[in-house]
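Here the protein sequences come in this chain order: A and B.
Take 1 as the starting number for the first sequence in this note's numbering and just add one per residue.
Take 693 as the starting number for the second sequence in this note's numbering and just add one per residue.
C-beta atoms are modelled at their ideal positions from N, C-alpha and C, and glycine is treated no differently.
It should be emphasised that the depicted structure is a prediction, and the values quoted were computed from it without experimental measurement.
Comments concern the structure below.
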Amino acid sequence: MYLSKLHLRNWRTYADVAFDFDEPHRGSPVVLVGALNGRGKTSFLMALYLGIFGRFGLRYCEGYTAAANGDSSTYRHAIEGFRRDMATREEPTEIDITFAPTISELDEQEVRIVRRWHFTGKNSLKQNDSEEVLLYVGKKLVKLPAESDPITAAYERIEKVLFPAHVAPAFFFDGEQAQRLIENMGETGIRKAVEVMFGTKVLDDVAKTVSEYLSRARANAGGAKKTSDRQQQLESKVKEREELNLRIGKLQEEHVRLEQDKDGKERERARLQEELARWGGAAGADAAKLEAEYDKALKAKSDAEASLTALVKRLGMGLALSRLEQAVVNQLKAEEARESWEGLRRGTIENKEKVLAVAMPEPAEKDPLLGQLSDDARQKLRNRFVEALERIYNPPPPNCAPDFLFGHVRGDSRRKVFATLSEVSGTNAAQAQSAVRKLREARDACDALKAKNERIKHLPKVTNELRDSLAALNDENQQITRRLALLEAEVKKSKADLHTLSEDIGRVQEELARLEPEQKRMAVAERIGRALTDLLEQLQPMTTRRLEEKVTEHFVRIADKRFRGGKVCLPPGATPEFEWPDGNRRAFETMGGFEKRSFGIAFSLALAGITQRRVPLVIDTPLGNADSEYRPRTLQAFAEFDSDQVIILTHDQEVTPLLVRAVKKAVNQTFLVTFKSREEGSFVEAGEYFEE
Amino acid sequence: MKPPPCFEDPEAKKMVKRICEQHQIDIELLKDLCELVSLYSGSGRRFGMPDEIATIISRFISRAPE
Chain A
1 MYLSKLHLRN WRTYADVAFD FDEPHRGSPV VLVGALNGRG KTSFLMALYL GIFGRFGLRY
61 CEGYTAAANG DSSTYRHAIE GFRRDMATRE EPTEIDITFA PTISELDEQE VRIVRRWHFT
121 GKNSLKQNDS EEVLLYVGKK LVKLPAESDP ITAAYERIEK VLFPAHVAPA FFFDGEQAQR
181 LIENMGETGI RKAVEVMFGT KVLDDVAKTV SEYLSRARAN AGGAKKTSDR QQQLESKVKE
241 REELNLRIGK LQEEHVRLEQ DKDGKERERA RLQEELARWG GAAGADAAKL EAEYDKALKA
301 KSDAEASLTA LVKRLGMGLA LSRLEQAVVN QLKAEEARES WEGLRRGTIE NKEKVLAVAM
361 PEPAEKDPLL GQLSDDARQK LRNRFVEALE RIYNPPPPNC APDFLFGHVR GDSRRKVFAT
421 LSEVSGTNAA QAQSAVRKLR EARDACDALK AKNERIKHLP KVTNELRDSL AALNDENQQI
481 TRRLALLEAE VKKSKADLHT LSEDIGRVQE ELARLEPEQK RMAVAERIGR ALTDLLEQLQ
541 PMTTRRLEEK VTEHFVRIAD KRFRGGKVCL PPGATPEFEW PDGNRRAFET MGGFEKRSFG
601 IAFSLALAGI TQRRVPLVID TPLGNADSEY RPRTLQAFAE FDSDQVIILT HDQEVTPLLV
661 RAVKKAVNQT FLVTFKSREE GSFVEAGEYF EE
Chain B
693 MKPPPCFEDP EAKKMVKRIC EQHQIDIELL KDLCELVSLY SGSGRRFGMP DEIATIISRF
753 ISRAPE
């Protein structure tokens, strides 16, 4: 069986959206539904619980696990909260779910459940007839008995045609919930799981029905046969047994109540411990340690500030010019070239007379060359020399600046500017960045410690109160544990008495059975009752062992190599443990988040597998923030799980497109849920997924 | 109607068989009763159930060896 359609109207962020799922292909069961946080993943999961089971599914929804089964007022409040706040008064909130048989399930029929809630105000459920359920089996509307409550009748019928509500958490769950399975996995949890696994609930119902039949048959037989001594003896024993049964029932009720109480107190204890840790740790010495850390952080911050200030001072002008560094360097180089050219030119001009004196010595009349020339010719020659000398440095070379922009920066000053700029643009720039980073880190560390230190000022009072509460809780828990142990012993003894009494009754009944057919039937009914009691008792350890094997199989596959060769143990009355090949054991609740999550997922997969029901797996955020090694292994475990359809609700940082490539063959379909606006809500695009 | 998984699982089935033998009943009897209970569950009615139980038990008595 697979989920073929989920149509949501006015449900949380969904205005009117349908997921149409393809029929699964063999070997590719995975359907990925991608949605960013707050865009509709949990809404999808909740829609399954509440759409299928109505108020009987609420206690499996996140935030409502403490709700009693079928609790109407919490349910009304929850539904009002789940309604899309932009819906108009006339529009109902509706969840329409269809499960279809796969090609190999020829004898199964399509099951469709339409659940609608009607409102009076915008978000106020109608007082009467606020909910309606339509159940279709094989496309035909199922008529529910008119004399009973239609919602309860629909629920019972749905459990019959689909699967019982208490099986659902094995198939529809979120990774966080799975992780929390450890905390809630007391003996009650295992017992429930065992009931689910082998249909022992039906056996329980049969036992009750047969017992009712016997009471009725005895009442009829008793009236007519009061004269028989054997009959009177039988009736007295049966009465005794009924009283004993009543007593056992009360003891068991008390046991369940105490276990629930204990679970609640355990949760409270965990919360208080977390709170205590938040207030600066469980140890009192943490206060002094934190104070010292804060002082250290203050000094580190002050050092970092001083270091950055010194650097800025040293590189001040360079830093100021650093953004124009290249242009400034080019200009300065051109000016340096001009300065050098001007110096040479000036030197030549200043030495002009000396050069001319060498070329045209005085008196000219006495010179063998110049003496032959007239005065006019000598003057012309002199003018040519002067012009030639001036031409040596004209025009200026091309790398020369036409003018001086930094007229005051010459010679040594210019060389200093060059050096500073080179420091800023080179390795010293990295130093500056590093100093800034260090200062930022030091400031962050200091702020965090300051906040912690502020809180720690109130530490003694708060932590003392928390410690007192924890101590009181521990005392209460110990008392409950002792009371539970006493109750268990009492139940055990009463059951042994019951067993003896039932055997006596059986013997008398068999004797009477020789007399007439009705007594014979009653004798058989007695035997059935005893057989069912034995069966229910003996199935429990067997199913627990089976569950241990399956949980181990899944857990070892998902977890890392540290757990190879070991096994998961589900000891009665204690939390789950892991046993290594050397016999070492450790409770999962003392392990890290990764192991807890792996156990939870392994347990859910084992439970789903062992029920032998072909129900699609729907998992919200299965991987969480697990590391890159763990993700593909878990995803692969889902892909290989024996299910026709595995729907994974995920965000973009979890099952990334890269990760999808690792299990590409197993993926049958993808959806992308996007949020347009508050008015329009979330939309679904089939065939789309997050982009790489 | 499909019987509950404890009647199909090989190991559980063996256990059911052994317990049935101990109490001189048979698996068919339990299966018939499970089916009856399942048929009535969700229907909201119980009328007629005791007669049907009597019929199922009588059927067992007639096939069971003395």
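Under the 8 angstroms Cβ criterion, the region 650–658 of chain A does not count as touching the region 668–688 of chain A, having fewer than three qualifying pairs.
The straight-line gap separating the alpha-carbon atoms of A/L48 and A/E243 is approximately 42 angstroms. Annotated three-state conformation of A/C569 is strand, per DSSP. Residue burial annotation: A/I558 is buried, with at least 16 other C-beta atoms found within 10 angstroms of its C-beta. In the three-state reduction of the DSSP assignment, A/V111 falls in the strand class, which pools E and B. Across the region 737–752 of chain B, CB contacts with chain A closer than 9 angstroms involve R737, R738, M741, P742, I745, A746, I749, S750 and F752, in sequence order along the chain.
In the structure shown, A/H77 adopts helical secondary structure according to DSSP, grouped into three states.
Contact note: B/D718 does not reach chain A at a C-beta cutoff of 7 angstroms; the least C-beta distance is about 10 angstroms. DSSP, reduced to helix, strand and coil, places A/W341 within a helical segment of the structure shown. When only Cα atoms are considered, A/A606 and A/T590 end up about 22 angstroms apart. Taking each of A/E325, A/E488 and A/E62 in turn and checking the Cα distance to A/P572, the smallest one comes out for A/E488. Segment contact: the region 32–51 of chain A against the region 6–14 of chain A, three or more CB-CB distances shorter than 8 angstroms; contact assigned.
Closer than 8 angstroms to the CB of A/F671 there is not a single CB belonging to chain B. Inclusion of A/R218 and B/H715 in the CB contact set at 8 angstroms is not warranted, their separation being larger than that value. Contacts between B/S730 and chain A, judged by CB atoms closer than 9 angstroms, involve K160, V202 and D205 in chain order. Contact of B/P697 with chain A is assigned, a C-beta pair being separated by under 8 angstroms. Look at the region 513–547 of chain A: the residues with a C-beta under 7 angstroms from a C-beta of chain B are K520, R521, V524, A525, R527, I528, R530, A531, D534, L535, Q538, L539 and M542. In the three-state reduction of the DSSP assignment, A/N394 falls in the coil class, being assigned neither a helical nor a strand state.
Listed in chain order, the beta strand (DSSP E) elements of length 3 or more contained wholly in the region 77–153 of chain A are 93–100, 111–117 and 131–137. The criterion of a C-beta distance shorter than 8 angstroms is not satisfied by A/L635 and A/V618. For A/Q540, the secondary structure class from DSSP, reduced to helix, strand or coil, is helix. By the rule that beta-carbons nearer than 8 angstroms mark a contact, A/Y213 touches chain B. Annotation: A/K352 is outside any beta strand (DSSP E); the continuous alpha helix (DSSP H) that includes it extends over K352 to A359.
With fewer than 16 other beta carbons inside 10 angstroms of its own, A/H25 counts as exposed. For the pair of segments examined, the region 332–341 of chain A was found to touch the region 392–405 of chain A: the number of CB pairs separated by less than 8 angstroms reaches three. Judged by DSSP secondary structure, A/L635 falls within the alpha helix (DSSP H) whose first and last residues are Y630 to E640. Scanning B/E703, B/A756 and B/Y732 for the CA closest to the CA of A/A153 turns up B/Y732. Its Cα nearest to that of A/Q509, the residue A/E235 stands out among A/E235, A/V328 and A/I480.
With a cutoff of 8 angstroms on beta-carbon distance, A/F171 and A/A608 are scored as near each other.
Rounded to whole angstroms, the gap between the alpha carbons of A/K237 and A/L512 is 14 angstroms.
Collapsing the DSSP output to three states places A/T348 in a helix.
Annotated three-state conformation of A/N10 is strand, per DSSP. With a cutoff of 8 angstroms on beta-carbon distance, A/D22 and A/Q669 are scored as near each other. Within the region 49–64 of chain A, no residue has its Cβ closer than 7 angstroms to any Cβ of chain B. Excluding five sequence positions before and after A/E91, the CB atoms of its chain that fall closer than 6 angstroms to its own CB belong to N10, given in chain order.
Between A/V673 and A/A35, the beta carbon gap of about 4 angstroms places them in contact (Cβ cut-off 8 angstroms).
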